[in-house]
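In UniProt numbering, the protein residues as written are 1 to 258. Glycine included, C-beta positions come from ideal geometry on N, C-alpha and C. If you're wondering where the values come from, they're calculated on a predicted model, not measured in any experiment. Reviewing the structure listed below.
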């Protein structure tokens, strides 16, 4: 097997899922599966995910980044993205990481909907822990926020000479197609605690954070990260989300179990 520090490959059914394996310099004892968010948040966190993966690999931790079916470099069209399939893809990715790294203990990390997917996959994927960064726990609120941003974007004079028609942006969220089925699945989402230790990293703006405590119960904790992350700031929609405090928080948590 190749031992490149960063190895791109395809895996899963019909080799349809794309992954990027970050191999540590020495034989790993632990591994981290990085579950991405969806849509614009996937694009905005892509660089940060790579930075975090590199930092974890430098700690001797094997890391797998991957794309769900219909997203990124994986097979499938964006109209085919399905919530339950995303969870299934996370389970498949966990199995691939175990096999590739030769370890059983896997911690899942995910931002926004990626954190929600990690929590939903925790039992089947046999995660040892979930680290969720500002996870979406109420899908209806999340859909409402995206609809509000989409409506404002349609009339944004700084980006367009004239407002786009409703037909031009129908079935879109911030430039990404959203099928009616996935929209309904996310709107109905009510994330419940996973039966594993859970660390919620909270960087929501003041007054915008939901009650995280039900997610962590007695098997986890909430840690605040500053400054707040501008998830819903249209003025920074095209800007990558970078956060050294986030990297420090995750690598620090993994160091605790070294």
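Three-way DSSP call (helix, strand, coil) for residue 239 in this model:
Sequence index remark: in the chain shown, residue 239 carries index 239 (1-based). DSSP places residue 239 in coil when its eight states are reduced to three.
Pull up the distance between the alpha-carbon of residue 7 and that of residue 20, whole angstroms please.
Locating residue 7 in the chain shown gives position 7, counting from the first residue. Locating residue 20 in the chain shown gives position 20, counting from the first residue. Whole-angstrom Cα-Cα distance: 5 Å.
Residue 220 versus residue 154 - alpha carbon distance
Taking the chain shown and counting its residues from 1, one reaches residue 220 at position 220. Taking the chain shown and counting its residues from 1, one reaches residue 154 at position 154. Straight-line Cα distance between these residues: approximately 41 Å.
Quick check: residue 194 and residue 122, are their CB atoms within less than 8 Å of each other?
Translated into positions along the chain shown, residue 194 becomes position 194. Translated into positions along the chain shown, residue 122 becomes position 122. In this structure, residue 122 lies closer than 8 Å to residue 194 by Cβ.
Could you spell out the range, first to last residue, of the alpha helix (DSSP H) harbouring residue 216?
Start at 1 with the first residue of the chain shown, and residue 216 comes out as number 216. Note, residue 216: alpha helix (DSSP H), 213 to 216.
Find out if the Cβ-Cβ distance for the pair residue 90, residue 28 is shorter than 8 Å.
Here residue 90 corresponds to residue number 90 of the chain shown, with the count starting at 1. Here residue 28 corresponds to residue number 28 of the chain shown, with the count starting at 1. In this structure, residue 28 does not lie closer than 8 Å to residue 90 by Cβ.
Hey, how far is the Cα of residue 5 from the Cα of residue 41?
What you label residue 5 is simply residue 5 of the chain shown in a count that begins at 1. What you label residue 41 is simply residue 41 of the chain shown in a count that begins at 1. Answer to the nearest angstrom: the Cα atoms are 26 Å apart.
Could you tell me whether the region 40 to 59 touches the region 234 to 246, where touching means 3 or more Cβ pairs closer than 8 Å?
yes
Would you decide whether residue 129 is buried or exposed? Buried here means 16 or more other CB atoms lie within 10 Å of its CB.
Here residue 129 refers to the residue found at position 129 when the chain shown is read from its first residue. Buried is the call here.
Applying the 10 Å Cβ sphere with the 16-neighbour rule, what's the burial state of residue 256?
Numbered from its first residue, the chain shown carries residue 256 at position 256. Residue 256 should be labelled exposed.
Skipping 5 residues on each side, what residues in its chain have a beta carbon closer than 7 Å to that of residue 117?
Position 117 of the chain shown, counted from the first residue, corresponds to residue 117. Cβ neighbours of residue 117 beyond the five flanking positions: 35, 86, 87, 90 and 110.
Spatial distance of residue 18 from residue 212 (CA atoms)
The residue you call residue 18 lines up with position 18 of the chain shown. The residue you call residue 212 lines up with position 212 of the chain shown. Roughly 32 Å separates the two Cα atoms.
Endpoints, beta strand (DSSP E) assigned at residue 202:
For the purposes of this step, residue 202 is identified with residue 202 of the chain shown, where counting begins at 1. From DSSP, the beta strand (DSSP E) with residue 202 extends over 198 to 202.
Only counting the same chain, and skipping five residues up and downstream in sequence, which positions put a Cβ closer than 7 Å to that of residue 187?
As a first step, residue 187 is located in the chain shown; it is residue number 187 there, counting from the start. Excluding positions up to five away in sequence, the list reads 139, 140 and 143.
Where do the N-terminal and C-terminal ends of the beta strand (DSSP E) with residue 22 fall, by residue?
Position 22 of the chain shown, counted from the start, is the residue given in the question as residue 22. First-last of the beta strand (DSSP E) with residue 22: 17 to 22.
Reduced DSSP category for residue 81 - H, G, I as helix; E, B as strand; rest coil
Taking the chain shown and counting its residues from 1, the one referred to as residue 81 is at position 81. If DSSP states are grouped into helix, strand and coil, residue 81 belongs with coil.
Please determine whether the Cβ atom of residue 77 lies at a distance below 7 Å from any heavy atom of the ligand PLP.
The ligand PLP is absent from the structure shown, which contains no ligands of any kind.
Since residue 132 contacts residue 200 with CB under 8 Å, what's their CB separation in whole angstroms?
Mapped onto the chain shown, residue 132 falls at position 132. Mapped onto the chain shown, residue 200 falls at position 200. Right, the Cβ-Cβ distance comes to about 5 Å (below 8 Å), so this counts as a contact.
Outcome for residue 148 when other beta-carbon atoms lying within 10 angstroms are tallied against a minimum of 16:
Walking along the chain shown from the start, residue 148 turns up at place 148. Its Cβ having fewer than 16 others within 10 Å, residue 148 is exposed.
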